[in-house]
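K.L.:
Residue numbers (our numbering): 1 to 197.
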């Protein structure tokens, strides 16, 4: 064998050997951190299901107020539908994306309501609906959100490490999205209370 071919073959063997070593050493930690992120969301998900069962009441209140055709109302209805569809898919990223959309759109609806004198005439419908949504963000939910955020951050750090990148490139380690309870954070600062009869 010519020296040139020998060194080329040796280089290929070294490269594939290095890749194999990376897979053997890095893949288990990636699998563990990915699974931990998914498991933390699986524990959070039932709490979110209960939370988003309050959204139809908000949509109904908006309908009673004649605001169902406004941008935030339409967006909230669409994100609620996306959440229901995502529940059947069981993919953590799809569920998280739909949940984040609901959180953002409830915040938009709340801002629209608080900024509209006409909508405030329907406090008897709007306040109880928003209060039920706010109260669905319990202490347990907050704990699970924190645990999920930490697990996702750990997975992202492991996924972004330079030794892990070749293994990630090979496949099976897609990104994980962090759940962001925007509306819940606002609600914790200024809780909505139902209007008195």
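From the three backbone atoms N, C-alpha and C, an ideal C-beta is built for every residue, glycine too.
Note that the structure is a prediction, hence the values are computed from the model and not measured.
Residue 48 and residue 124: beta carbons closer than 9 Å?
P.N.:
As a first step, residue 48 is located in the chain shown; it is residue number 48 there, counting from the start. As a first step, residue 124 is located in the chain shown; it is residue number 124 there, counting from the start. It is not a contact, given that the beta carbons lie outside the stated cut-off.
K.L.:
By Cβ distance below 6 Å, which residues in the same chain neighbour residue 43 in space, the five residues on each side in sequence not counted?
P.N.:
Counting from one through the chain shown, the residue named residue 43 turns up at place 43. So the list reads 144, once near-sequence residues are dropped.
K.L.:
Would residue 76 be called buried (16 or more neighbouring beta carbons within 10 Å of its own) or exposed?
P.N.:
Within the chain shown, numbered from 1, the residue matching residue 76 stands at position 76. Label assigned to residue 76: buried.
K.L.:
If we ignore side chains and look at the alpha-carbon of each, how far apart do residue 118 and residue 107 end up?
P.N.:
Translated into positions along the chain shown, residue 118 becomes position 118. Translated into positions along the chain shown, residue 107 becomes position 107. Distance between the alpha carbons of residue 118 and residue 107: 18 Å.
K.L.:
To the nearest angstrom, how far is it from the Cα of residue 170 to the Cα of residue 92?
P.N.:
Residue mapping note: residue 170 aligns to position 170 of the chain shown, counting from 1. Residue mapping note: residue 92 aligns to position 92 of the chain shown, counting from 1. Cα-Cα distance, rounded: 21 Å.
K.L.:
Say whether the region 172 to 183 touches the region 144 to 161, bearing in mind that this needs 3 or more beta-carbon pairs closer than 8 Å, one atom from each stretch.
P.N.:
Yes, the region 172 to 183 is in contact with the region 144 to 161.
K.L.:
Label residue 60 either buried or exposed according to how many other C-beta atoms from any shown protein chain fall within 10 Å of its C-beta, with 16 as the threshold for buried.
P.N.:
As a position in the chain shown, residue 60 is number 60, starting the count at 1. Counting Cβ neighbours within 10 Å, residue 60 comes out exposed, since fewer than 16 surround it.
K.L.:
Using only CA atoms, which one of 32, 36, 28, 52 lies nearest to residue 131?
P.N.:
In the chain shown, the residue the question calls residue 131 occupies position 131. Nearest C-alpha to residue 131: 52.
K.L.:
What separation, rounded to the nearest whole angstrom, lies between the Cα atoms of residue 109 and residue 78?
P.N.:
The count along the chain shown starts at 1 and reaches residue 109 at position 109. The count along the chain shown starts at 1 and reaches residue 78 at position 78. Straight-line Cα distance between these residues: approximately 13 Å.
K.L.:
If you check the beta carbons only, do residue 168 and residue 37 fall under 9 Å apart?
P.N.:
Taking the chain shown and counting its residues from 1, one reaches residue 168 at position 168. Taking the chain shown and counting its residues from 1, one reaches residue 37 at position 37. Against a cut-off of 9 Å, the Cβ pair of residue 37 and residue 168 comes out as no contact.
K.L.:
Distance, Cα to Cα, residue 95 vs residue 140?
P.N.:
As a first step, residue 95 must be located in the chain shown, where it is residue number 95. As a first step, residue 140 must be located in the chain shown, where it is residue number 140. Each residue's alpha carbon lies about 19 Å from the other.
K.L.:
Let me know if residue 102 comes out buried or exposed under the rule of 16 or more other beta-carbons within 10 Å of its beta-carbon.
P.N.:
Residue mapping note: residue 102 aligns to position 102 of the chain shown, counting from 1. The residue is buried, with at least 16 neighbouring Cβ atoms inside 10 Å.
K.L.:
So, under 8 Å CB-CB, residue 57 and residue 158 are touching, yes? Tell me the CB distance rounded to an integer number of Å.
P.N.:
Translated into positions along the chain shown, residue 57 becomes position 57. Translated into positions along the chain shown, residue 158 becomes position 158. That belief does not hold up - the Cβ atoms of residue 57 and residue 158 are roughly 41 Å apart, past 8 Å.
K.L.:
On the CB-based measure, 16 or more other CB atoms within 10 Å of its CB, does residue 40 come out buried or exposed?
P.N.:
Looking up residue 40 in the chain shown gives position 40. So residue 40 ends up on the buried side.
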